[in-house]
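With full-length UniProt numbering, letter number 89 in the sequence shown gets 89, and the count goes up by one each step, no holes. Cβ atoms here follow ideal geometry from the backbone N, Cα and C, with glycine treated the same way. The structure displayed is predicted, hence computed values, not measured ones.
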Amino acid sequence: MAVTRTFSIIKPDATRRNLTGAVTKMLEEADLRVIASKRIQMTKEQAEGFYAVHAERPFFNDLVAFMTSGPVVVQVLEGEDAVLRNRKIMGATNPKEADEGTIRRTYAESIEANSAHGSDSDENAAIEIAYFFNEDEIVG
Ligand code: RTP
Ligand code: MG
Numbered sequence: 001m002a003v004t005r006t007f008s009i010i011k012p013d014a015t016r017r018n019l020t021g022a023v024t025k026m027l028e029e030a031d032l033r034v035i036a037s038k039r040i041q042m043t044k045e046q047a048e049g050f051y052a053v054h055a056e057r058p059f060f061n062d063l064v065a066f067m068t069s070g071p072v073v074v075q076v077l078e079g080e081d082a083v084l085r086n087r088k089i090m091g092a093t094n095p096k097e098a099d100e101g102t103i104r105r106t107y108a109e110s111i112e113a114n115s116a117h118g119s120d121s122d123e124n125a126a127i128e129i130a131y132f133f134n135e136d137e138i139v140g
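Next comes the structure, spelled out in structure tokens:
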């Protein structure tokens with residue numbers, strides 16, 4: 001297995017409840033290393049661009065409103081098979097379907113306010129990392 005990178009967001013429901021450290025701890029305990037991190041307030045334009053693949057989905061407007069409802073923490077994570085490793089510790093989109101011990105099962109409030117985002121492929125990870133970070137902000 002190769003050491004790769006993925007992109008993570010600690011979503012507004014988690015930052016609002018002061019869970020930045022708690023979520024990050026679960027990522028670190030899953031052997032993911034935070035090699036870049038910043039807390040930002042996403043603009044509507046940023047959120048719409050980030051979730052452009054979901055533009056036609058019924059939940060798109062709600063999702064953009066939620067993701068801009070408060071600060072988020074964007075992170076680059078590094079580890080063996082980082083995309084899969086991160087998706088595994090996050091758990092299923094819907095916290096009711098997420099496995100015990102996952103971030104979403106532990107902390108998510110709903111299918112929308114589900115505490116964490118993680119890239120779904122190496123290709124999307126590279127795109128999403130570049131959307132929020134310059135290479136000089138990432139220290140591996
Ligand atoms: P993410 O992209 O945030 O890591 O989550 P995911 O792959 O598990 O889920 P995806 O299908 O890509 O959906 C993106 C985010 O949209 C919100 N969502 N709301 N109301 C709904 O039915 C619904 N479905 C999805 C969630 O915040 C989800 O993480
Ligand atoms: Mg997704």
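Helix or strand or just coil, what does DSSP make of V83? Here the question's residue 83 lines up with position 83 in the sequence shown. Reduced to three states, the DSSP call for V83 is helix.
In whole angstroms, what separates the C-alpha of N94 from that of S37? What you label residue 94 is simply residue 94 of the sequence shown in a count that begins at 1. What you label residue 37 is simply residue 37 of the sequence shown in a count that begins at 1. In a straight line, the C-alpha of N94 is about 25 Å away from that of S37.
Among the residues of its own chain, which have a CB less than 7 Å from the CB of V64, if the five just before and after it don't count? Sequence index remark: in the sequence shown, residue 64 carries index 64 (1-based). Here the set comprises K44, A47, E48, Y51.
At 4 residues or longer, and completely inside the UniProt domain "Nucleoside diphosphate kinase-like" (3-140): list those alpha helix (DSSP H) runs for me, N to C. 12-16, 20-29, 44-50, 60-67, 82-90, 103-107, 122-132
7 Å CB neighbourhood of T6 in its chain, flanking five on each side removed: As a position in the sequence shown, residue 6 is number 6, starting the count at 1. For T6, where only same-chain residues beyond five positions count, the Cβ hits under 7 Å are L77, A82, V83, N86, G118, S119, A125.
Of the residues A116, V74, V73, the one placed nearest A92, counting alpha carbons only: One-based indexing of the sequence shown puts residue 92 at position 92. If we check each option's Cα against that of A92, A116 comes out closest.
Just to confirm my understanding: we take M67, look at its own chain, exclude 5 residues before and 5 after, and list those with CB closer than 6 Å. What are they? Position 67 of the sequence shown holds residue 67. M42, A47, listed in sequence order.
For E56 and D62, what's the separation of their Cα atoms in angstroms? As a position in the sequence shown, residue 56 is number 56, starting the count at 1. As a position in the sequence shown, residue 62 is number 62, starting the count at 1. Taking the Cα positions, E56 is about 12 Å away from D62.
beta-carbon E78 near the ligand RTP non-hydrogen atom, thresh 7 Å: In the sequence shown, counting from the first residue as 1, residue 78 sits at position 78. Relative to the non-hydrogen atoms of the ligand RTP, the Cβ of E78 never comes closer than 7 Å to any of them.
Less than 8 Å between the beta carbons of I129 and V73, yes or no? In the sequence shown, residue 129 corresponds to position 129, counting from 1. In the sequence shown, residue 73 corresponds to position 73, counting from 1. Going by C-beta atoms, I129 is not nearer than 8 Å to V73.
Nearest to A14 (by Cα), restricted to the options E28, R39, V3, V34: Working through the sequence shown from its first residue, we reach residue 14 at position 14. Residue R39 is the option with its Cα nearest to A14.
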